[in-house]
Structures are given as structure tokens and as C-alpha cells.
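Asker:
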Amino acid sequence: YGTGRNFGDFQDLKPIRSEIENHYLPRLKEMHRVLKSTGSIYLQMDTRINHWMRILMDDVFGYDNFRNEICWKYDKWSNVSNCFQRNHDVILFYSFKGAVFNELREPIEAPRKRNLVEIVDGKKVSKRIDGNVVYREQLDRPFSDVFTDIPRIPNTGAKVVGYATQKPKELISRFILASTNEGDVVADYYLGSGTTAVVCKELNRNFIGCDINPKAIEITNARLDAVS
Numbered sequence: 008y009g010t011g012r013n014f015g016d017f018q019d020l021k022p023i024r025s026e027i028e029n030h031y032l033p034r035l036k037e038m039h040r041v042l043k044s045t046g047s048i049y050l051q052m053d054t055r056i057n058h059w060m061r062i063l064m065d066d067v068f069g070y071d072n073f074r075n076e077i078c079w080k081y082d083k084w085s086n087v088s089n090c091f092q093r094n095h096d097v098i099l100f101y102s103f104k105g106a107v108f109n110e111l112r113e114p115i116e117a118p119r120k121r122n123l124v125e126i127v128d129g130k131k132v133s134k135r136i137d138g139n140v141v142y143r144e145q146l147d148r149p150f151s152d153v154f155t156d157i158p159r160i161p162n163t164g165a166k167v168v169g170y171a172t173q174k175p176k177e178l179i180s181r182f183i184l185a186s187t188n189e190g191d192v193v194a195d196y197y198l199g200s201g202t203t204a205v206v207c208k209e210l211n212r213n214f215i216g217c218d219i220n221p222k223a224i225e226i227t228n229a230r231l232d233a234v235s
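Just so we're aligned: 37 in the working numbering is position 30 of the sequence shown, and the numbers increase by one with no gaps anywhere.
(1) By DSSP, does K208 sit in helix, in strand, or in coil?
(2) Between the Cα of L63 and the Cα atoms of H30, S151, C217, G46, which residue gives the shortest distance?
(3) Looking at the structure shown, is D156 part of a helix, part of a strand, or coil, going by DSSP?
(4) Straight-line CA distance for Q18 to R55?
(5) For D195, report the span of its beta strand (DSSP E) as first-last.
(6) Looking at P158 and V167, is the spacing between their C-beta atoms short of 8 Å?
(7) For a test of the three-state rule: what should DSSP assign to L99, helix, strand or coil?
(8) Quick check on the burial criterion: 16 or more other C-beta atoms within 10 angstroms. Buried or exposed for G169?
(9) Out of Y49, E177, A223, Q51, which has the shortest C-alpha to C-alpha gap to D156?
(10) Taking the C-alpha atoms as reference points, what is the distance between F103 and G46?
(11) Based on the DSSP output, what are the partners of C78 in its beta bridges?
(12) Looking at the secondary structure, which residues open and close the alpha helix (DSSP H) in which N7 lies?
(13) Alpha carbon to alpha carbon, what distance is there between D232 and E225?
(14) My guess is that L111 and F150 are in contact by the Cβ rule of under 8 Å, so how many angstroms apart are they, rounded?
(15) Take V193 and list the residues in its own chain whose beta-carbon comes closer than 8 Å to its own, dropping the five residues that flank it on each side.
(16) If you drop the 5 nearest sequence neighbours on each side, which residues of the same chain put their C-beta closer than 7 Å to that of G105?
(17) Ends of the beta strand (DSSP E) at I240?
(18) Among V41, M52, M38, which one has its Cα closest to the Cα of K21?
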């Protein structure tokens with residue numbers, strides 16, 4: 008993530024440009040090598056390094072293949088007094104030409120009425136011939152690149168699996184549903200708590216996962232065994 012923190016389960020990279028480049032550049036090149044020509048990639052990081060990562064991703068995956076800088080906003084309050092609260096992570100989204108993208112939609116809490124345009128004698132009108140306005144209810148809309156509806160995993164509770172940087176299934180499933188279809192292959196090269204693997208199994212996707220931390224593999228296998 009580039010926070011420099013010791014999460015207990017692993018020591019995060021420090022937000023030093025040379026360290027970030029030395030770690031990520033060879034790995035990004037390998038990810039590019041194995042990514043299908045119609046594939047997509049999502050990479051999450053802290054706001055301390057997203058500007059450097061954008062440059063690396065542009066160089067490796069191509070500036071024209073950039074799609075979104077997704078902001079995952081969550082509630083987290085600290086004692087900082089010299090800046091605004093840092094309450095979001097960044098996910099960079101790149102995809103090749105022809106990549107799958109399934110438009111996902113979110114419900115609107117207070118549906119609003121919109122004019123229903125009709126075609127009468129080849130012309131667009133917003134009223135019927137009898138003068139009455141025709142409305143339709145707008146019940147949903149496409150997701151934006153700012154996610155505000157997915158909370159972080161709490162420190163305690165039934166969802167906690169014992170890995171420090173566990174991601175919510177709702178976050179991972181949104182990316183998988185948007186950029187893959189059933190039977191596709193998803194790879195997570197920083198497996199961590201195994202959420203990607205679990206979501207893939209639940210959504211009927213094939214998956215590849217790897218991590219240098221044996222604890223991550225142990226937790227992932229246990230979670231997969233628990234999925235019916």
C-alpha cells in the first residue's frame with residue numbers, strides 16, 4: 008500500500024519512490040505479461056503513492072488503457088491535526104481494448120420522476136396528445152468511481168478472519184462482477200486474507216492466488232474450505 012506501517016502480518020513498503028519502483032515495476036511487468044489481451048487489472052494503494060503508481064501503470068499497461076482512479080471512501084477517524092482526515096484508498100483500473108465490462112447499477116434511495124420521451128410522428132415529445140405528462144421512475148443508476156457504500160472490515164466481529172488488511176467481499180465482488188463473466192480466470196498476486204479467492208468461488212470464477220506470507224495461504228485455504 009505504501010504506508011510504511013507494520014501491520015503485524017507484514018511490513019508495508021515505505022512511501023519512498025525508489026523503494027516503490029523497485030518493488031512494483033518488475034511485478035507489474037510480469038502481470039502485464041500474463042494478462043489476457045482482453046483483460047483488466049485493478050491495483051489498490053494508499054494515497055501516499057498513487058501518483059507514482061499511476062506513472063508506473065501508464066508505462067507498463069499503457070496510458071490509453073487507463074479507465075478509472077476509483078476512490079473507496081470509508082469511515083476512519085484519527086488524531087491528525089495538520090490536514091483533512093484521510094478516509095479513502097485509491098484503486099487504479101486499467102483494461103485492454105475489448106475487455107469485458109458489465110455495467111453495474113446502484114439503487115437510488117429516493118427514486119425521482121423523469122420525463123418519458125415518446126416519439127410521435129417522428130418527433131420527440133414529453134407530453135401525450137391529451138396534454139398529460141408521462142413519467143417514469145428512475146430506480147437505479149450506474150456506479151460512479153467513488154464508492155461510499157462499502158465499509159471497512161471492523162477489528163472484531165464475525166467477518167474478521169485474522170489477517171490485518173482483510174478486504175470486504177462487497178468491494179472485491181464489484182470488480183469481479185464488472186470485469187469478468189462466469190468461468191473467467193481471476194488472479195490475485197497479493198492474496199492476503201483470501202477474499203478474492205472466496206468471492207471467485209462464490210461467483211463461479213476460476214482463480215489464481217499467491218502470497219509470500221504462509222499465514223495468508225493458510226487463512227485462504229481455511230476460508231475456501233468453508234465455502235459450500
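Every residue, glycine too, gets a C-beta built ideally from N, C-alpha and C.
Answerer: Looking at the coordinates:
(1) Helix, per DSSP.
(2) Comparing C-alpha distances from L63 to each of H30, S151, C217, G46 shows the shortest one belongs to H30.
(3) D156 carries a coil assignment under DSSP once its states are collapsed to helix, strand and coil.
(4) If you draw a straight line from the Cα of Q18 to the Cα of R55, it is about 16 Å long.
(5) Unbroken beta strand (DSSP E) run through D195: 192-195.
(6) No, the Cβ-Cβ distance between V167 and P158 is not below 8 Å.
(7) It is a strand residue.
(8) Exposed, by the Cβ-count rule.
(9) That would be E177, whose Cα lies nearest to the Cα of D156.
(10) The C-alpha of G46 is placed about 6 Å away from the C-alpha of F103.
(11) C78 is bridged to V97, V153.
(12) The structure shown has nothing for residue 7, since the chain only spans 8 to 235.
(13) About 11 Å.
(14) Cβ atoms of L111 and F150 come within 8 Å of each other, at about 5 Å.
(15) By the criterion of a C-beta distance shorter than 8 Å, V193 is surrounded in its chain by I183, T187, T203, C207, R212, N213, F214, I215, once the five residues flanking it on both sides are discounted.
(16) Cβ neighbours of G105 beyond the five flanking positions: T45.
(17) Examination of residue 240 is not possible in this model, given that the chain is present from 8 through 235 alone.
(18) Scanning V41, M52, M38 for the CA closest to the CA of K21 turns up M52.
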